[in-house]
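Offset between the sequence shown (1-based) and this note's numbering: plus 19. Beta carbons are placed, not taken as given, at the ideal position from N, Cα and C, and that holds for glycine. All values derive from a computational prediction rather than experimental measurement.
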Amino acid sequence: MSRDRNGNGNENRNRNGNGIRNRRLWTATIFLTVAVAGAAIQVRGAVLPTLEGFYGVPEWQLGLVAPAGTVGYLLVMLFVGSSAGRVDTRTVITLGAFGTAAALLAMGLAPTFLVFLGAMLARGAAMGLVRALDRPLLSHFYPDDRGRVYNLYDGIWAAGAALGPLAVVLALALGSWRLVYLGLAGTVLVLAVLFWRLDPPDVGGNEEPLTRDRLLVLLRRPEILGMLAALFFVIGVEGSLFTWLPYYAGAELPDRWAELTLTLMLAAYVPGRFACGALAERVGYLTLLTVVLGLLVPTFAFTFLVADGLWVLAGVVAIGVLISGVFPTAVAYGTDAAPEYSGPVNAVASATGSAAFATVPAILGVVIGGSNARSAMPLLVVPLAVAFGVVVLARIAEYRRDRHPTGDSVPNDD
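Here it is as structure tokens:
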């Protein structure tokens with residue numbers, strides 16, 4: 020009997036050890052995949068001038084590249100994310116990775132611009148399969164460290180994004196823009212094989228299937244509403260910076276510095292997200308968001324109302340460091356409120372971010388068209404101030420709940 024107990028104990032230890040090893044392999048492969056996803060997004064913008072001459076297409080057709088990459092991604096994220104409790108995670112992620120590799124290969128070999136656009140639409144949809152489930156999977160792997168892991172996840176995305184334009188420069192130096200997409204396709208193919216070879220992730224039963232009634236209950240939770248409101252305003256500002264910052268800098272700075280503004284801001288995302296990841300679990304999500312947004316509002320105002328010359332660059336770097344941690348920390352906060360629905364929370368957060376990324380820059384563009392970038396950019400401090408107000412109210416509500424717990428602060432959807 021003693022030998023049996025020891026044997027069972029050794030078997031349990033081996034099983035636990037294998038589970039930890041499998042979790043780490045999944046985590047590493049997900050992080051590598053999200054780095055490539057970040058690079059692919061930024062490659063898209065860097066390669067546009069080359070595509071214009073290569074395919075001989077007008078600028079309005081080049082403008083279709085961004086929506087082509089976003090539409091399929093967003094639809095798949097919403098559909099698969101809301102079904103996270105009913106799908107085989109490994110199968111869906113593996114299919115998404117293989118599909119992404121095939122789409123990137125098609126983009127690199129596209130004979131016409133129409134084929135390139137179609138392949139980009141397919142790439143967005145395929146990557147949506149991966150990213151609809153990878154963050155929820157990490158949520159279940161590390162339930163006590165979501166803030167740290169989410170910021171690390173997005174920090175690695177930012178590192179890949181910062182390397183994307185450099186990959187385009189290298190490909191052009193070697194002779195063709197096609198090389199960058201062929202290289203990305205090969206890298207994702209290796210990662211797809213890794214996903215295929217991994218054991219299924221051991222998170223069974225942690226993700227609840229989402230029904231329409233449960234979705235309505237989820238969206239009425241104060242934590243989710245606060246997360247979505249703050250994300251809409253902050254991501255709208257981020258999208259506006261990505262779209263209009265080079266235009267603003269071109270009028271305010273010498274050419275050699277103006278070209279660096281967006282690159283510097285994006286590079287600042289990496290240390291910013293790592294710092295937020297280190298602080299999130301120590302100080303609390305809402306406390307961290309309150310401090311970050313409280314610093315971001317005056318920093319933004321200084322950069323676009325007061326600063327000139329190289330102080331604008333310094334302000335842009337500070338904005339990048341501060342704004343970078345808002346999305347992952349806010350999503351971690353929302354997921355903590357409903358950990359059994361991490362897939363849907365991730366999906367609605369991404370959908371809200373995509374909607375803001377598309378609409379706010381367009382509105383700012385209308386304002387710029389009627390005046391100029393110097394007058395319009397400071398207006399973005401308004402949505403940042405609104406986001407700060409939302410987070411402050413959420414923090415006050417959390418403080419009151421902690422002092423006077425009611426036992427039913429989170430609605431029960433059963």
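> A249 lies in the alpha helix (DSSP H); which residues open and close that run?
Replying inline: P241 to E271
>> Applying the 10 Å Cβ sphere with the 16-neighbour rule, what's the burial state of N365?
In response: Classification for N365: buried.
>> I need the straight-line Cα distance from S101 to D232, nearest angstrom please.
In response: 12 Å
>> My output table needs one value for G303: the three-state DSSP class, helix, strand or coil.
In response: coil
>> Assuming L329 is part of the alpha helix (DSSP H), what are its boundary residues?
In response: L329 to I342
> In the structure shown, what three-state DSSP assignment does V134 receive?
Replying inline: helix
>> Restricting to Cα atoms, I'd like to know which of V379, A337, A47 and D327 is closest to V316.
In response: A337
> In three-state DSSP terms, what is P155?
Replying inline: helix
> Hey, quick one: how far does the alpha helix (DSSP H) through G174 stretch, first residue to last?
Replying inline: R165 to L193
> Excluding the five sequence neighbours on either side, which residues of its own chain have a C-beta within less than 6 Å of the C-beta of P184, listed in chain order?
Replying inline: Excluding sequence neighbours, P184 sits near Q61 and A65.
>> Whole angstroms are fine: how far does the CA of A248 sit from the CA of G57?
In response: 25 Å
>> Three or more C-beta pairs under 8 Å: does that hold for the stretch 275-287 against the stretch 375-383?
In response: no
> So, A129 versus A141, is the Cβ gap smaller than 7 Å?
Replying inline: no
>> Below 8 Å, how does it come out for the stretch 307-314 and the stretch 394-411: are there three or more Cβ pairs, yes or no?
In response: yes
>> Using the three-state DSSP reduction, which class does R197 fall into: helix, strand or coil?
In response: Helix.
> If we call anything under 7 Å between Cβ atoms a contact, is L217 one with L97?
Replying inline: no
> How is G224 classed by DSSP in three states: helix, strand or coil?
Replying inline: Confidence is the limiting factor: at G224 the pLDDT is only 49, short of 50, which leaves the residue's position unreliable, though a coordinate-based value still follows. In this structure, G224 counts as coil in the three-state DSSP scheme.
> Taking buried to mean at least 16 other C-beta atoms within 10 Å of its own C-beta, is L123 buried or exposed?
Replying inline: buried
> D218 by DSSP, collapsed to three states: which one?
Replying inline: coil
>> Quick check: T348 and L308, are their CB atoms within less than 7 Å of each other?
In response: yes
> Beta-carbon separation of L339 and A287 under 7 Å?
Replying inline: According to the sequence displayed, residue 339 carries Gly and not Leu. Yes. Within cutoff.
> Per DSSP, what kind of secondary structure is S373 in: helix, strand or coil?
Replying inline: helix
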